[in-house]
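> I'd like to ask you about the structure that follows.
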Amino acid sequence: SRRLTAGFAELGDALGVARAQFVTGRSLANMGRVAEGEPFLKSSLDAARELGNTPLAGLALGGLARARSMVGDLASARAYLAEAFTIYEATGADAYSVLAKSAAAGIEFHAGNIEQAVHLSTAALDTMRSFGLTLFVTMEMNNLAAYLIACERWNDARALANDALELALETQQLVELAWSLQHLAAVATLSTDSPPRSSSPAQLAAQLLGYVDARITALGTSRQYIQQQEYDGVLTILRNTLGTTKARKLMM
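Per our numbering: the sequence shown ends with 273, consecutive numbering throughout.
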């Protein structure tokens with residue numbers, strides 16, 4: 022993406038540069054490299070405003086909102102999103118608005134407003150499906166599965182994670198496939214209707230989490246708040262059930 026930015030700059034394509042900056046910034050932030058990604062997002066936003074490209078400005082604002090929420094700056098995240106929603110409402114850009122709604126769900130989840138996160142994510146997922154945004158649908162299904170797990174709606178979470186897994190396999194979204202597997206391990210481990218009463222289910226969950234760890238490392242991504250808080254909860258139970266040493270070995 023950085024090479025693409027340089028290429029557009031050489032061609033004098035200001036809009037191409039701004040779009041490439043957005044992609045670069047969003048990608049870096051999604052990998053947990055927020056400090057590196059934010060300057061690209063801000064540059065994209067400044068250029069979009071200067072060029073009068075409101076859809077790109079809205080995307081950049083949404084990217085900045087996600088980045089700020091990832092470092093716990095929820096006030097700034099909400100402010101960025103409010104501006105993005107204003108742009109989308111003024112331009113009737115419903116397809117873009119749904120991405121801002123997804124980001125808003127993540128922010129509310131981080132703030133501890135889990136039911137609000139479920140509500141926003143459900144609405145976003147419905148709209149994504151109606152627009153045929155398949156790649157975003159898989160991501161939102163996984164997000165919503167995490168929210169449902171957090172509010173202990175185990176059956177709904179299990180069904181959604183299974184659907185996300187199938188769609189991720191079909192579309193070869195390898196990162197989303199990893200998150201789907203983590204959610205399924207989390208439901209099996211955390212749910213009150215099927216806790217790991219013996220070592221066998223716990224061993225399987227530990228091996229599954231170990232696989233997920235290896236995959237996200239190989240793919241160059243990392244857990245953000247949505248995935249990390251779930252992972253930590255599962256890991257605590259596995260260590261209590263199996264012992265720290267055995268759990269670690271099974272996850273290697």
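We put the beta carbon where it would ideally sit given N, CA and C, even for glycine.
Determine the contact status of T210 and A226, defining contact as a CB-CB distance below 8 Å.
Looking up residue 210 in the sequence shown gives position 189. Looking up residue 226 in the sequence shown gives position 205. Against a cut-off of 8 Å, the Cβ pair of A226 and T210 comes out as a contact.
> For A268, which residues in the same chain have their Cβ closer than 6 Å to its Cβ, ignoring the five residues on either side in sequence?
Taking the first residue of the sequence shown as position 1, residue 268 is located at position 247. Around A268: A227, L259 and R260.
> Given that a residue counts as buried once 16 or more other Cβ atoms are within 10 Å of its Cβ, and exposed if not, what is Q193?
In the sequence shown, residue 193 corresponds to position 172, counting from 1. Exposed.
> Out of A185, T262, A41 and A111, which one is the CA nearest neighbour of A166?
Here residue 166 refers to the residue found at position 145 when the sequence shown is read from its first residue. A166 has its Cα closest to that of A185, out of A185, T262, A41 and A111.
> On the three-state DSSP scale, how would you describe D34?
Reading the sequence shown from its first residue, position 13 is the one you call residue 34. Per DSSP, reduced to three states, the secondary structure at D34 is coil, with no helix or strand assignment.
> Whose C-alpha, out of S221, E197 and L256, is nearest the C-alpha of R236?
Counting from one through the sequence shown, the residue named residue 236 turns up at place 215. Per the Cα distances, E197.
> Can you list, in chain order, the residues of its chain with a C-beta nearer than 6 Å to that of G53? Leave out the 5 residues immediately preceding and following it.
Sequence index remark: in the sequence shown, residue 53 carries index 32 (1-based). These residues qualify, in order along the chain: S243.
> Taking its Cβ as the centre, do 16 or more other Cβ atoms sit within 10 Å of M273, making it buried, or is it exposed?
The residue given as residue 273 occupies position 252 in the sequence shown. Exposed.
> Expressed to the nearest angstrom, what Euclidean distance is found between the alpha-carbon atoms of L85 and D147?
The residue you call residue 85 lines up with position 64 of the sequence shown. The residue you call residue 147 lines up with position 126 of the sequence shown. So the two alpha carbons sit approximately 24 Å from each other.
> For E71 and V92, what's the separation of their Cα atoms in angstroms?
Translated into the one-based positions of the sequence shown, residue 71 becomes position 50. Translated into the one-based positions of the sequence shown, residue 92 becomes position 71. Near 28 Å, if we compare the C-alpha coordinates of V92 and E71.
> Taking the C-alpha atoms as reference points, what is the distance between A56 and L190?
Within the sequence shown, numbered from 1, the residue matching residue 56 stands at position 35. Within the sequence shown, numbered from 1, the residue matching residue 190 stands at position 169. The straight-line gap from Cα to Cα measures roughly 32 Å.
> With burial defined as no fewer than 16 other Cβ atoms inside 10 Å of the residue's Cβ, what is the status of Q42: buried or exposed?
Counting from 1 along the sequence shown, the entry for residue 42 is found at position 21. Its Cβ being crowded by 16 or more others within 10 Å, Q42 is buried.
> Give the secondary structure of D177 by DSSP, where H, G and I count as helix, E and B as strand, and everything else as coil.
Looking up residue 177 in the sequence shown gives position 156. Looking at D177 - three-state DSSP - the assignment turns out to be helix.
> In its own chain, which residues sit with a C-beta less than 6 Å from the C-beta of F61, not counting the 5 before and 5 after it?
To locate residue 61, count along the sequence shown from 1; it is residue 40. Closer than 6 Å at Cβ, skipping near neighbours: Q42, T45 and G46.
> By how many angstroms is the C-alpha of P76 removed from the C-alpha of P216?
As a working mapping, residue 216 is identified with position 195 in the sequence shown. As a working mapping, residue 76 is identified with position 55 in the sequence shown. In this predicted model, P216 has a pLDDT of only 49, less than 50, meaning its place in the structure is not dependable; the value taken from the coordinates is given anyway. Near 46 Å, if we compare the C-alpha coordinates of P76 and P216.
> L141 and A125 look like a contact to me (Cβ under 8 Å); what is the Cβ gap, rounded to whole Å?
The residue labelled residue 141 in the question sits at position 120 within the sequence shown. The residue labelled residue 125 in the question sits at position 104 within the sequence shown. Between L141 and A125 a beta carbon distance of about 5 Å is seen, short of the 8 Å cut, so the two are scored as contacting.
> For A88 and S65, which I take to be in contact (beta-carbon distance under 8 Å), what is that distance rounded to the nearest angstrom?
Residue numbering aside, residue 88 sits at position 67 when the sequence shown is read from its first letter. Residue numbering aside, residue 65 sits at position 44 when the sequence shown is read from its first letter. Rounded, the Cβ-Cβ distance is 12 Å, inconsistent with contact.
> Quick check on DSSP: helix, strand or coil for N51?
One-based indexing of the sequence shown puts residue 51 at position 30. Helix, per DSSP.
> In the stretch 127 to 191, which residue ranges form an unbroken alpha helix (DSSP H) of at least 4 residues, counting only runs that do not cross its ends?
135 to 152 and 155 to 171
> Hey, L240 and L195: beta-carbon distance below 8 Å or not?
Numbered from its first residue, the sequence shown carries residue 240 at position 219. Numbered from its first residue, the sequence shown carries residue 195 at position 174. Between L240 and L195, the CB-CB gap stays under 8 Å.
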